[in-house]
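In this note's numbering, the protein residues as written are 232 to 998.
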């Protein structure tokens, strides 16, 4: 499909959701020619006995409705159930070089992969390959490596628990802990930053807590696009009069006003609900200053004799508060307001909301995690919650709003480049081999190994690795050095076109499709962002007889690579109950009686110790942790520097592009735009719709440049701009990341405006 419509910018002033969301859902089902099939699938999505949404990880409500999906979930299903097909005839029509010239949107719209393919260098095309031959090729490459550490095993967050668990076992039996994972690029600071503070790298709330919260903070997270079903919780909270504080550099439409598509009265009367009671228009990177400003107000109020702190909780359950207090009180209001861009009066108003609430939830997204101090920034969020005892009571806790539907579950069952000795001991005892003990590679370390030539094989269990990672040109070159790249996928993407000398595309059964084996129909399990584990059973027939379940692919790869393995891969391949029993053996504390518990149609919750006010830290306490200063990113000397946050559009899920428009931000038929403050535009002699280039402010001697971008007057803070990824990933240096987690700092890239030399299509500015 082509996109020959002219780019247009027409500011959106309506509520989010409502008839716009309903219309978009119907449109995508018709566009993919699955109106009847897709509608049937939507009735089974997120329902007992049905399948889990292949989109975000937001949990199902305690009391489910007949329709339990959102607009973006409908898009994900429609594109999965599409009638469009990528067949062998398609690959006969296009060389890989020709496909590289196509857009990510065009690639997505070609449809489902239908049979395994192998790259043929002579013709520069993918050609059909038998499954047995594909596994033999993988086994040959892996067995020929000088060291197992020369292979990188990537995991997408859509991978189910059963597959991820066996994948982790296979890779460790093969001999490495190289697990670059999609979480490395988003919520890894949650996994690495929170355990020293509260003893676990997960959120601590359940869905019922929203009903008991007296205040909700949403920080660095565009709820209406990235987790739309959460809007129901926010709407219900606002109707009860619960204050909702939004802290974000962009005023996102859904968090201003929202119409519930399932509310007949609102839909019939074109009504809506105002969401945020307080919008804190923070500068990019200014969140730390706000957190310390709020803490400063709390300490000041306590010193005046007010009950701003929960001293009983602090004395019984925590350690280190005095060090945090001392550091915070040294921060001046002049610096706090200058760095945050927020007036002292508003910070005090927000602090007052927090003090008056006896139960507060703080939700956050990648607006907090993707900074150079992302992990330690989250520790300051924990500090804020600890000061008022907002753990282990109804309506309170920390809530990382994760993206991919099982990214949290994958980490729970072993996808971790830094496994604990306790886990490795249990693997040894359960499977009878000695797993490797050294740390493996996260995403950036995997890229560095490719670039250095020490990595030879890349296996991608789902996802679109090469488009998600930073430093695009450098990463492309690194990937092309590999001897073998393997992509397990449902759809064609850029990761299949930037490949090694040998390359395979292995098509899989989708989340919405039925898994059948010799033992009968199978189901998989998913852990959502609130640690609830539920079953997922597909309802559609597989797209062709040539696609295979992910679990079978892992087992057959293991059998081809490890012919002497004592692990019963052939049994696991057909009976997923055996896998769940083994998960329970390796994780007895949280997965005991897994096969019995999962019979509950609503699933079961994994244990989260902070909910019981139990802290799995070395000192047995929740720890206040100090982050000196007010900056979360390194300063840049260039006075013309702007901080760029890469964002996704409303018609996008991670690197999957559903259209070239972004309804809620008023952008149509283009993705090459930059949102900029009007005063920043004037200072640079720019007017609305001008074409610019952006260059990274970097001192490593490499010029990173993206051209042909239309600049748009948008309510951004001074010094802050935003634009879409993956188009702007070339501006993100590989060396610009959070040291603790390895997560790229994609929400604060230092860039400057430079003259454009591209002939970009002009964007029409509508009234």
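A virtual CB, placed ideally from N, CA and C, is assigned to each residue, including glycine.
Determine which residues share a DSSP beta bridge with residue i and list them.
| i | result |
| --- | --- |
| residue 550 | 854 |
| residue 767 | 755 |
| residue 383 | 689 |
| residue 635 | 287 |
| residue 420 | Looking at the DSSP assignment, residue 420 forms no beta bridge with any residue, so it has no partner. |
| residue 504 | 489 |
| residue 717 | 690, 735 |
| residue 883 | 888 |
Given this structure, state the Cα-to-Cα distance separating residue i from residue j, to the nearest angstrom.
| i | j | result |
| --- | --- | --- |
| residue 245 | residue 895 | 8 Å |
| residue 666 | residue 473 | 50 Å |
| residue 233 | residue 963 | Note that residue 233 has pLDDT 42, beneath the 50 cutoff, so the model's placement of it is unreliable and the number below is only indicative. The alpha-carbon atoms of residue 233 and residue 963 are separated by roughly 28 Å. |
| residue 876 | residue 906 | 10 Å |
| residue 331 | residue 728 | 6 Å |
| residue 883 | residue 745 | 26 Å |
| residue 993 | residue 700 | 29 Å |
| residue 603 | residue 423 | 13 Å |
| residue 839 | residue 887 | 32 Å |
| residue 859 | residue 558 | 7 Å |
| residue 736 | residue 720 | 7 Å |
| residue 241 | residue 486 | 19 Å |
| residue 550 | residue 750 | 53 Å |
| residue 544 | residue 844 | 10 Å |
| residue 891 | residue 816 | 47 Å |
| residue 773 | residue 682 | 38 Å |
| residue 553 | residue 579 | 21 Å |
| residue 508 | residue 660 | 54 Å |
| residue 527 | residue 802 | 59 Å |
| residue 476 | residue 862 | 22 Å |
| residue 908 | residue 536 | 42 Å |
| residue 345 | residue 310 | 14 Å |
| residue 988 | residue 937 | 10 Å |
| residue 237 | residue 259 | 21 Å |
| residue 461 | residue 398 | 31 Å |
| residue 279 | residue 451 | 32 Å |
| residue 969 | residue 294 | 39 Å |
Mind reading off the beta-carbon distance from residue i to residue j? Whole number of angstroms is fine, and I expect it under 8 Å.
| i | j | result |
| --- | --- | --- |
| residue 434 | residue 628 | 7 Å |
| residue 448 | residue 594 | 7 Å |
| residue 760 | residue 428 | About 18 Å; that fails the 8 Å criterion. |
| residue 387 | residue 692 | 6 Å |
| residue 248 | residue 407 | Not quite, the Cβ-Cβ distance comes to about 46 Å (not below 8 Å), so this is no contact. |
| residue 920 | residue 941 | 6 Å |
| residue 459 | residue 303 | 6 Å |
For the alpha helix (DSSP H) that contains residue i, what are its first and last residues?
| i | result |
| --- | --- |
| residue 802 | 800 to 805 |
| residue 390 | Taken as a continuous stretch (DSSP letters only), residue 390 belongs to no alpha helix (DSSP H), as it is neither H nor E. |
| residue 894 | Looking at the DSSP string, residue 894 is not in any alpha helix (DSSP H), and its letter there is neither H nor E. |
| residue 322 | 319 to 324 |
| residue 989 | From DSSP, residue 989 is part of no alpha helix (DSSP H); its letter is neither H nor E. |
| residue 306 | 302 to 312 |
Name the two residues that bound the continuous beta strand (DSSP E) containing residue i.
| i | result |
| --- | --- |
| residue 449 | 446 to 450 |
| residue 490 | 488 to 490 |
| residue 534 | Premise fails: residue 534 lies in the alpha helix (DSSP H), 518 to 534, not in any beta strand (DSSP E). |
| residue 733 | 733 to 738 |
| residue 356 | 356 to 359 |
| residue 785 | Careful: residue 785 lies outside any beta strand (DSSP E), inside the alpha helix (DSSP H) at 781 to 792. |
| residue 904 | 904 to 907 |
| residue 876 | 873 to 878 |
| residue 282 | Element bounds for residue 282: n/a, residue is neither H nor E. |
| residue 510 | 509 to 511 |
| residue 747 | 746 to 748 |
Of all Cβ atoms in chain D, is any one closer than 8 Å to the Cβ of residue i?
| i | result |
| --- | --- |
| residue 347 | This model lacks chain D altogether, as it is built from one protein chain only. |
### Task
Could you tell me which uninterrupted beta strand (DSSP E) segments, each at least 3 residues in length, are contained entirely in the region 557 to 631, listed from first to last along the chain?
591 to 595, 628 to 631
### Query
Counting only runs that start and end within the region 922 to 981, where is the beta strand (DSSP E) found for 3 or more residues in a row?
922 to 927, 936 to 944, 951 to 955
### Message
As an exercise, report each continuous beta strand (DSSP E) stretch of at least 3 residues that is fully enclosed by the region 672 to 715, in chain order.
### Response
688 to 692
### Task
Tell me the start and end of each unbroken beta strand (DSSP E) in the region 812 to 861 that is at least 3 residues and wholly inside, in chain order.
none
#### Entry: Whole runs of the beta strand (DSSP E) within the region 423 to 477, excluding any shorter than 3 residues
446 to 450
### Query
Residue ranges of each alpha helix (DSSP H) run of no fewer than 4 residues wholly in the region 332 to 374, ordered along the chain?
335 to 340, 362 to 374
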